[in-house]
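For reference, the structure is listed below as structure tokens.
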Ligand code: PTJ
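Residue numbers (the working numbering): 307 to 560.
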């Protein structure tokens, strides 16, 4: 991979032991330079990397179970919505579009550090990656009760009327507010101790770059299953227990 650093061209050799991880950092840096990744997005990514280390940078059994329960919940939902921010779109724009299509979900942009420019750039990237529609809050929005930041802007045709919202890389206040509105919230967060992880209906403790491709496969397998079978999966999933197991796995790993 050729990168530009302080106006110098540098090459990261494929043989580098951390090649994949370095490449992902540069996806985010590139998004920052283009103006759609927030500066704080880099800090959030670093925190995610540290937790991913503790998991062995792989999808653990508990995450696989949560991904299956999440896909079952999304397939059972009438109005599922995938909420996206700068980091998610920098890392996996094509997978987000494919996953939305496979579960029949809408995609809505929701930004903590919202600017109109960032919203428009993100929309453009998702449309270029094949999305038919990307909801935003440029003209049509109302506020999620209890959220005073720009994260509280939500589209009435999307997150506001959704029954299930998938939130990759989130901070906890909106998750809590969406739950209070009676919605199911599925979080993807490498930090099992975060407020988001604690409040979500289903928490997937996995890297979004592994979780979404895994969920695309699951959706293709499960989309013709009977409702009762999907319901059994969601009913048998215990989020609190799953999180406890993950924390204990991290402790033992150390
Ligand atoms: O694009 P914006 O303006 O909406 O801003 C996005 C950020 C990420 C800056 C914003 O949502 C934020 O500040 O997030 P937090 O509160 O830092 O939370 C991000 C969480 O995501 C942390 O718990 C990280 O551990 C986790 N995380 C980071 N990278 C990944 C991740 N989880 C899954 N996959 C990742 N790749």
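Beta carbons: idealized from backbone N, C-alpha and C, even for Gly.
- The beta carbon of residue 322 sits closer than 7 Å to the beta carbons of 328 from its chain, once the five residues preceding and following it are set aside; these are given in chain order.
- Burial state of residue 451 is exposed, judged by a 10 Å Cβ sphere holding fewer than 16 other Cβ atoms.
- The alpha carbon of residue 398 has as its nearest neighbour, out of 407, 432 and 499, the alpha carbon of 432.
- DSSP, read as helix, strand or coil, puts residue 459 in strand.
- The nearest non-hydrogen atom of the ligand PTJ is less than 7 Å from the C-beta of residue 515.
- Within the same chain, Cβ atoms closer than 7 Å to the Cβ of residue 489 are found at 468, 469, 470 and 471, the five residues on either side in sequence being excluded.
- The C-alpha of residue 356 lies about 19 Å from the C-alpha of residue 478.
- Note: residue 414 is bridge-paired with 389 and 441 in the DSSP secondary-structure output.
- Annotation: residue 474 is outside any alpha helix (DSSP H); the continuous beta strand (DSSP E) that includes it extends over 470-474.
- For residue 324, the secondary structure class from DSSP, reduced to helix, strand or coil, is coil.
- Between residue 474 and residue 440, the beta carbon gap of about 15 Å keeps them out of contact (Cβ cut-off 8 Å).
- Exclusion of residue 332 from the 7 Å shell around the ligand PTJ follows from its C-beta lying no nearer than that to any non-hydrogen atom of the ligand.
- By the Cβ-count criterion, residue 386 is buried, with 16 or more other Cβ atoms from all chains shown falling within 10 Å of its own Cβ.
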